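The structure under discussion appears below in the form of structure tokens.
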Amino acid sequence: MNLFSFYTIRHLMILSLALLGACTFEKEKKEEIVLETEISLEEEHRQLLSIGLQQIPKWGSFWKKTDPGFDPSRFILSREIPYESLEWPEENFIQPGSPFYKYLIPHPEGEGVVDIYSYKVVIPEEDKVSFNPDSEVIYFKSNGMRERLLFMGPSGGFEEAVWISPELLMVTGFFEDEEGVTPKIWLINPEEQIYFEYIHPYHTTQYPKTKYLVEKLDNIDF
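For the sequence shown, position 72 matches number 171 in our numbering, and the numbering has no gaps at all.
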């Protein structure tokens, strides 16, 4: 091999190593950006949960009654679930005079109202008030549409809801699994049709499933 060929090969090797190093650095940089974004989103949601829970202090206090050690800061993200919108034309039937009217949750920018109680609590013209085994979170939009944001069967229920930003609705409630009843939080983004489910390590077998609603809906004769 002549001297020229030797230096050419050496130059190509150096250039290849430099390019490899640059690619590796760029890849690591992108991974860092993605990781930072994920951490930022997680931290942002953690702050939003804290803000939301501060607006419904009775809910946290109710769970503390079941166990003084209950810590509302221990909710962790369980899953992120996209959903298909289920909506149809229907004006809000909950008007002044309805026992559910004062519990409507208005959108902060006037885009409609949310109701989490009228599906669960059955008020017949005669007979006693009863509870539907299923629960639903209804969004009556300002455009005249009714959208179902969440639905749950007899295994759980919704107890509170609050808009923590114009984009995010926070719903709190409970779910019963093999270990017992546990509190849950859902962060719903109706515009992007996605919700984030938060779980808690606390479980109990002594949770009164309708007691919170009975205490909250104090204008209804149960």
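Backbone N, C-alpha and C fix where the C-beta goes; we use that ideal spot for every residue, glycine too.
All values reported here derive from a predicted model rather than from experimental measurement.
Spatially closest choice to residue i from the options, by CA coordinates
i, options, result
"residue 271", "265, 209, 278, 287", "287"
"residue 185", "300, 248, 281, 308", "248"
"residue 187", "173, 226, 141, 243", "243"
"residue 290", "299, 181, 189", "181"
"residue 171", "301, 313, 316", "301"
"residue 292", "183, 149, 269, 145", "183"
"residue 230", "316, 269, 210", "316"
"residue 269", "142, 141, 154", "154"
"residue 142", "160, 175, 161", "175"
Residue i, buried or exposed, once every other Cβ within 10 Å from all chains shown has been counted against 16
i, result
"residue 208", "exposed"
"residue 257", "buried"
"residue 219", "buried"
"residue 217", "buried"
"residue 255", "buried"
"residue 284", "buried"
"residue 215", "buried"
Any non-hydrogen atom of the ligand ZN within 8 Å of residue i CB
i, result
"residue 204", "In the structure on display, the ligand ZN does not appear, and there are no ligands present to speak of."
Test item: CB-CB of residue i and residue j under 9 Å
i, j, result
"residue 319", "residue 228", "yes"
"residue 279", "residue 311", "no"
"residue 304", "residue 166", "no"
"residue 235", "residue 251", "yes"
"residue 299", "residue 173", "yes"
Chain-order list of residues whose beta-carbon lies under 7 Å from that of residue i (same chain, five-residue window excluded)
i, result
"residue 124", "In this prediction, residue 124 scores a pLDDT of 45, lower than 50, which makes its location untrustworthy; no coordinate-derived value is stated."
"residue 204", "212, 213, 260, 261, 262"
"residue 121", "The pLDDT assigned to residue 121 is 48, lower than 50, so where the model puts this residue is not dependable; a value taken from the coordinates is nonetheless given after this. Once the five neighbours on either side are set aside, residue 121 has no close Cβ partner at all."
"residue 196", "none"
"residue 321", "228, 313"
"residue 150", "263"
"residue 161", "311"
Cβ shell of residue i (< 8 Å), same chain only, five flanking positions each side left out
i, result
"residue 206", "212, 213, 241, 262, 265"
"residue 267", "147, 286, 287, 288"
"residue 158", "152, 258, 259, 271, 311"
"residue 222", "198, 228, 319"
"residue 133", "Residue placement at residue 133 is poorly supported in this model, since its pLDDT is 47, which falls under 50; the coordinates still yield a value, given next. Nothing listed; no residue qualifies."
"residue 273", "255, 256, 258, 280, 281, 282, 283, 306, 308"
"residue 237", "213, 214, 215, 217, 218, 245, 246, 247, 248"
Cβ distance (whole Å) where residue i is taken to contact residue j below 8 Å
i, j, result
"residue 297", "residue 177", "6 Å"
"residue 194", "residue 200", "6 Å"
"residue 276", "residue 253", "About 13 Å; that fails the 8 Å criterion."
Residues near residue i by beta carbon distance below 6 Å, same chain, minus five either side
i, result
"residue 191", "239"
"residue 163", "169"
"residue 189", "245"
"residue 179", "295"
"residue 210", "241"
Chain D contact for residue i (CB, 9 Å cutoff)
i, result
"residue 217", "This model lacks chain D altogether; it includes just one protein chain."
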